[in-house]
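Per this note's numbering, the very first residue in the sequence shown carries number 203; after that it's consecutive.
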Amino acid sequence: MTEVAEKPVHPAFRAAEIALVAIAKNRCETWEELVRTGVEPRLTDEQLALVREYEQSVVSFLSVQKGAPVTLTWCKECDKVAFIGTGTVPTKCTLTLGCVGKAVKAGAPAPRTKAAATDEAPAEAA
């Protein structure tokens with residue numbers, strides 16, 4: 203049986219995810235605010251380089267501000283990215299005409315599988 207290789211994550215999407223986590227963990231609303239505070243975001247050199255590479259084109263537009271969040275969506279099928287505001291990601295890709303993929307939102311928790319749910323069940327008290 204041939205294994206199907208998982209498509210690598212789009213680098214702009216990965217940069218957005220890294221930046222959104224750093225922004226939220228440091229209780230800021232934007233990357234610019236995080237930089238202004240002078241707080242070390244505790245990223246690896248590789249993560250910081252990726253965020254800096256997409257700082258002007260993607261990261262600077264992200265926001266976790268209440269009422270006006272801005273994040274990025276990515277379709278694994280067509281490998282396109284787009285900004286999205288409030289609301290949910292469309293059920294099918296709207297980034298490329300005829301694409302059958304489904305876009306995912308940066309910063310959204312990964313869908314839980316049944317196996318993961320049972321593995322993480324709390325231990326019973328004795």
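All residues carry an ideal CB built from backbone N, CA and C; glycine is no exception.
Between Leu264 and Ala221 a beta carbon distance of about 6 Å is seen, short of the 8 Å cut, so the two are scored as contacting.
For the 9 Å CB-CB criterion, Thr273 and Ala308 form a contact. Just measuring C-alpha positions, the residue of Val260, Gln267 and Arg254 sitting nearest Thr275 is Val260. When rounded, the separation of the alpha-carbon atoms in Ala214 and Asn228 is 21 Å. Following the DSSP letters along the chain, one finds Leu297 in no beta strand (DSSP E), marked with neither H nor E.
For Val237, the uninterrupted alpha helix (DSSP H) segment begins and ends at Trp233 to Thr239.
Rounded to the nearest angstrom, the Cβ distance from Ala217 to Leu252 is 5 Å, consistent with a contact under 8 Å. For Ser262 and Ala305, the gap between their C-alpha atoms comes out near 21 Å. Going by DSSP, Lys307 is part of the beta strand (DSSP E) stretching over Ala305 to Lys307.
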